[in-house]
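Asks:
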Amino acid sequence: MTAALNKDTRNTWHILGPGAIGCLFACHLQQAGLAVRLIGRRPEHGVRRIRLNTDNGEQEQVFAPDHPAQPITHLLITVKAHQTTAALQAVRQRLTAQTLIVLMQNGMGTWQALQDLPTRRIVVATTTEGAHRPAADRVIHAGRGETWVGTLDPRYQADAARVCRDWSATGLVVEEDPEILHRLWQKLAINCAINPLTVLYDCPNGALLNNTEALELMQQVCREVEQVMGSALGEKPSGLFELAKAVSAKTSSNISSMLQDVRKQQQTEIDHITGYLLDQARRLGIACPCNERILKQIKAR
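Each residue of the sequence shown is one higher than the last, beginning at -17 in my numbering.
Below, the structure is given as structure tokens:
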């Protein structure tokens, strides 16, 4: 089945970074009746077709081309964290004081780097939806999850609520979270505990559970993350090791994005994951020797 082009361009959602997650949300937003435009690395002058595969079968979505002169009212950013600043340069002149931006990325630190944009309406989202893109025109919805939306600036919590309302008809589970920082830290902890280790041992997520040495390293990582997270949030988190093991088991066949980048000889997100953790640790005066070693090892590759 092929979905027709959406003609209503009011409040269009532009997707900056139409990779697996970007395409997944683009398809669901358009299915919900919202106008969507994709912004990739290269300008596309014709329509773009993407086949979305779900448990309910396959549907082809047809996206109208983006017009470079069109102001951007709503922008979902799904490029990798270290690519954000460069990617935004191509659309910066199209942003206004009223543009609403949603950051949906692994790692942390990007929000702080975007404070010089024309708009301050920046909210953050974290998702456990699973998706992969075996071809440029195909995305597979590999696992249903949840998406949480909030803001690191309380003045814009209403914008987070507006995003949830806009996305309520997508069929995805989308919830507002006024305490989104805790969720971001929890996801960062999981990324610290799994992604770099899959690179060090060159394995899928689940294989870490069958490797005694990897499990010991994962536990050390989690202990250090709990110290930093606890000091940063003013609380005492616990159970991160058990959570990391549970996520590894749930995503056992998954090849982490960091390992995919290393295999492709591309830059990884390590600076926005383990690097961000270590920046906060230094600010708080907390030693994290295990994560320091891991950062150096990943960068050496």
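All C-beta atoms, glycine included, are put in the ideal place defined by N, C-alpha and C.
1. For residue 144, which three-state DSSP category applies?
2. Determine the contact status of residue 132 and residue 142, defining contact as a CB-CB distance below 9 Å.
3. If we call anything under 9 Å between Cβ atoms a contact, is residue 1 one with residue 120?
4. In angstroms, rounded to a whole number, what distance separates the CA positions of residue 58 and residue 15?
5. Looking at the secondary structure, which residues open and close the beta strand (DSSP E) in which residue 36 lies?
6. Helix or strand or just coil, what does DSSP make of residue 121?
7. Exposed or buried, residue 78, counting other C-beta atoms within 10 Å across all chains shown (16 or more means buried)?
8. Leaving aside the five residues before and after residue -3 along the sequence, list all residues of the same chain whose C-beta is less than 6 Å from its C-beta, in chain order.
9. Look at the alpha carbon of residue 144 and the alpha carbon of residue 48, and state the distance between them as a whole number of angstroms.
10. What does a CB cutoff of less than 8 Å around residue 169 pick up in its chain, not counting 5 residues either side in sequence?
11. Thinking C-alpha only, which one of 102, 95, 60, 67 is nearest residue 85?
12. Anyone know if the C-beta pair for residue 280 and residue 229 falls short of 9 Å?
Replies: Let's see:
1. As a first step, residue 144 must be located in the sequence shown, where it is residue number 162. DSSP places residue 144 in helix when its eight states are reduced to three.
2. As a first step, residue 132 is located in the sequence shown; it is residue number 150 there, counting from the start. As a first step, residue 142 is located in the sequence shown; it is residue number 160 there, counting from the start. Against a cut-off of 9 Å, the Cβ pair of residue 142 and residue 132 comes out as a contact.
3. Residue 1 sits at position 19 when you count from the first residue of the sequence shown. Residue 120 sits at position 138 when you count from the first residue of the sequence shown. Not in contact: residue 1 and residue 120 (Cβ atoms no closer than 9 Å).
4. Locating residue 58 in the sequence shown gives position 76, counting from the first residue. Locating residue 15 in the sequence shown gives position 33, counting from the first residue. For residue 58 and residue 15, the distance between alpha carbons rounds to 16 Å.
5. Along the sequence shown, read from residue 1 onward, the residue named residue 36 stands at position 54. Run containing residue 36: 30 to 36, per the beta strand (DSSP E) assignment.
6. Here residue 121 is taken as the residue at index 139 of the sequence shown, counted from 1. Residue 121 falls in the strand class under three-state DSSP.
7. For the purposes of this step, residue 78 is taken as residue 96 along the sequence shown, with counting starting at 1. By the 10 Å Cβ count, residue 78 comes out exposed.
8. Indexing the sequence shown from 1 puts residue -3 at position 15. Taken in chain order, the residues that qualify are 4, 8, 20, 58.
9. On the sequence shown, position 162 is the one that residue 144 refers to. On the sequence shown, position 66 is the one that residue 48 refers to. Straight-line Cα distance between these residues: approximately 24 Å.
10. The residue you call residue 169 lines up with position 187 of the sequence shown. Taken in chain order, the residues that qualify are 88, 108.
11. By 1-based counting over the sequence shown, the position of residue 85 is 103. Residue 60 is the option with its Cα nearest to residue 85.
12. As a first step, residue 280 must be located in the sequence shown, where it is residue number 298. As a first step, residue 229 must be located in the sequence shown, where it is residue number 247. No, the Cβ-Cβ distance between residue 280 and residue 229 is not below 9 Å.
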